[in-house]
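This report concerns only the one structure given below.
Protein chains in written order, with the numbering used here: chain A, 21 to 269; chain B, 21 to 269.
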């Protein structure tokens with residue numbers, strides 16, 4: 021696949037941006053542990069784990085990309101070494117279920133409900149990632165990508181519906197101070213996650229090919245990852261801090 | 021582009037100086053966390069994040085520069101590998117909004133005012149960085165650099181005006197002990213930030229070209245970064261320590 025120098029630069033710097041953003045976010049969440057009460061520490065630890073795992077994978081993606089292409093005298097050449105697409109999927113397999121568990125943990129549901137929702141939503145998230153993978157590696161605009169993408173949408177829709185209808189009653193029971201914030205966090209999940217299928221199907225929707233398709237996919241996933249993990253994490257942090265303050269008062 | 025051996029040495033050592041200064045500053049801020057009260061911990065965590073992100077990018081800039089040039093037997097040769105200018109912009113995109121948030125956080129405004137000012141000033145800062153980038157990569161003394169630079173000055177001026185007029189009332193309400201320090205920190209922002217457009221437009225102002233222009237730009241940005249992030253951070257640290265002491269008394 022051919023990449024222009026401009027496309028190479030965009031992808032290269034998006035990956036480096038991901039590394040910096042995720043490790044910085046991780047330190048932010050973990051250094052803030054002393055600011056939240058006992059009850060919310062696990063939520064904050066997991067929030068930092070999600071960005072830590074993402075930071076590790078962005079380092080790997082960055083190295084893999086650097087090995088797959090060289091840019092000398094403004095000319096980008098493919099070295100023949102494969103660019104490992106699977107890093108993203110390994111990352112999501114670990115982080116996406118954890119992301120949902122973060123949100124469940126700051127809602128302080130009953131213990132049995134926390135476990136039940138973590139298992140069903142986390143399991144659905146893992147299934148969604150596993151089903152998307154065969155389509156991603158199929159390599160282009162074809163019926164394989166379409167079929168696995170469509171299968172992957174089933175658990176995706178189940179998660180969105182559960183976040184909306186299943187958690188609405190619990191949100192109504194939250195303290196007034198954080199109700200808006202929890203509802204906003206739920207929206208960030210839905211909006212940022214909706215971005216993934218759009219990027220996944222972008223080659224179809226926009227009839228993109230080659231370097232342009234790769235640039236759109238890599239930049240799109242990077243932005244979606246940062247919103248879904250780091251920005252969402254900051255909201256979880258704010259919810260945990262406010263609830264801790266309310267409990268101390 | 022040609023670099024003399026002296027120019028190569030100056031740039032190379034400026035980048036290494038940046039790495040050392042930023043990681044040292046990061047450790048200073050985070051090791052000081054136990055010295056400030058609850059209220060100022062987030063400000064100090066973010067102060068350290070800014071220098072951590074900068075340290076990461078100076079490591080990357082240093083590596084990129086080392087790959088782009090070799091100095092053998094006193095002769096500097098360009099290897100053809102591109103020197104990635106974008107690292108600075110990726111860094112600023114993350115750190116500049118955070119720098120303003122540091123200052124807002126130590127002022128202990130009301131919660132809604134903190135969120136509002138963080139969003140407007142942080143957003144303006146991000147816009148300023150994004151608008152400057154196309155001019156920087158345009159590659160020299162031309163109208164493209166001038167136009168994007170000029171556009172980038174609009175949010176820059178908005179930030180300076182807000183820091184002066186918008187925050188004056190809040191500064192008057194600060195405890196007497198820190199009022200001078202907060203006002204000084206605001207001045208450090210304005211003076212160190214003014215350095216960036218000067219460096220940006222230096223090729224025009226001084227009609228510099230080639231290696232001399234690159235040396236002035238790289239050394240200038242490095243000094244400005246250290247003042248705006250590490251020196252400014254030390255002031256934020258002092259404000260947080262003094263306010264914590266006053267509250268304990």
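Every residue gets a Cβ at the ideal spot worked out from N, C-alpha and C, and that includes glycine.
Close partners of residue 107 of chain B in chain A (Cβ separation under 8 Å): 33, 36.
With respect to the 9 Å criterion, residue 39 of chain A and residue 78 of chain A are classified as neighbours on the basis of their beta carbons. Within the same chain, and ignoring the five residues on either side of residue 261 of chain B in sequence, the residues whose Cβ sits closer than 7 Å to its Cβ are 55, 56.
Within chain A, the residues placing a beta-carbon under 8 Å from that of residue 80 of chain B are 36, ordered along the chain.
Residue burial is scored here from C-beta neighbours: residue 85 of chain B has at least 16 other C-beta atoms within 10 angstroms and is therefore classed as buried. Secondary structure note for residue 149 of chain B: it is in no beta strand (DSSP E), and the uninterrupted alpha helix (DSSP H) holding it is 131-156. For residue 183 of chain B, the number of other beta carbons within 10 angstroms of its own is at least 16, and it is reported as buried.
Any Cβ of chain B closer than 9 Å to the Cβ of residue 90 of chain A would place that residue at the interface, and such an atom is present. Around residue 48 of chain A, the beta-carbon contacts reaching into chain B at under 7 Å are 65, 69.
By the C-beta criterion, the region 108-122 of chain A is judged to be in contact with the region 131-150 of chain A, since at least 3 inter-stretch pairs fall below 8 Å. Proximity of chain B to residue 93 of chain A at the Cβ level (cut-off 8 Å) is accounted for by 100, in chain order. Per the C-alpha coordinates, the member of B:237, B:209, B:215, B:36 positioned closest to residue 123 of chain B is B:209. Using a Cβ-Cβ cut-off of 9 Å, residue 197 of chain B does not count as an interface residue toward chain A, since no Cβ of chain A sits closer than that to its own. Put simply, the backbone Cα of residue 107 of chain B is about 11 Å away from that of residue 30 of chain A. Sixteen is the threshold: when 16 or more other Cβ atoms of the shown chains lie within 10 Å of the Cβ of residue 234 of chain B, as they do, the residue is buried.
Inter-residue distance for residue 47 of chain B and residue 242 of chain B is about 19 Å (C-alpha atoms, whole angstroms). Pairwise C-beta distances place the region 197-217 of chain A in contact with the region 249-258 of chain A, as three or more of them are shorter than 8 Å. Using a Cβ-Cβ cut-off of 9 Å, residue 149 of chain B does not count as an interface residue toward chain A, since no Cβ of chain A sits closer than that to its own. For residue 67 of chain B, the enclosing alpha helix (DSSP H) begins and ends at 58-88. When C-beta distances to chain B are compared with 7 Å, every residue of the region 192-218 of chain A stays at or above that value.
Check the Cα spacing between residue 170 of chain A and each of A:74, A:37, A:221: the tightest is with A:221.
Counted as a single uninterrupted DSSP element, the beta strand (DSSP E) harbouring residue 98 of chain B occupies residues 95-98. Annotated as distal: residue 42 of chain A and residue 82 of chain A, with beta-carbon spacing of 9 Å or more. Counting C-beta atoms within 10 angstroms of its own C-beta, residue 65 of chain B has 16 or more neighbours from the protein chains shown and is therefore classed as buried. The Cβ of residue 76 of chain B sits closer than 9 Å to at least one Cβ of chain A. If you compare the alpha carbons of A:104, A:37, A:76 with that of residue 89 of chain A, the shortest gap goes to A:104. Secondary structure of residue 101 of chain A (DSSP, three-state): coil. Comparing C-alpha distances from residue 142 of chain A to each of A:175, A:132, A:59, A:225 shows the shortest one belongs to A:175. Taking the Cβ atoms as the reference, residue 67 of chain A lies roughly 7 Å from residue 257 of chain A, within the contact range of under 8 Å. Rounded to the nearest whole angstrom, the C-alpha separation of residue 229 of chain B and residue 121 of chain A is 55 Å. Put simply, the CB of residue 55 of chain A is near chain B, with a gap under 9 Å to one of its CB atoms. DSSP places residue 269 of chain B outside both helix and strand once states are collapsed to three, so it counts as coil. Contact between residue 259 of chain A and residue 157 of chain A does not hold, since the beta-carbon distance rounds to 37 Å and is not under 8 Å. Using a Cβ-Cβ cut-off of 7 Å, residue 29 of chain A is close to 106 of chain B, given in chain order. For residue 252 of chain A, the nearest beta carbon of chain B is not closer than 9 Å to its own beta carbon.
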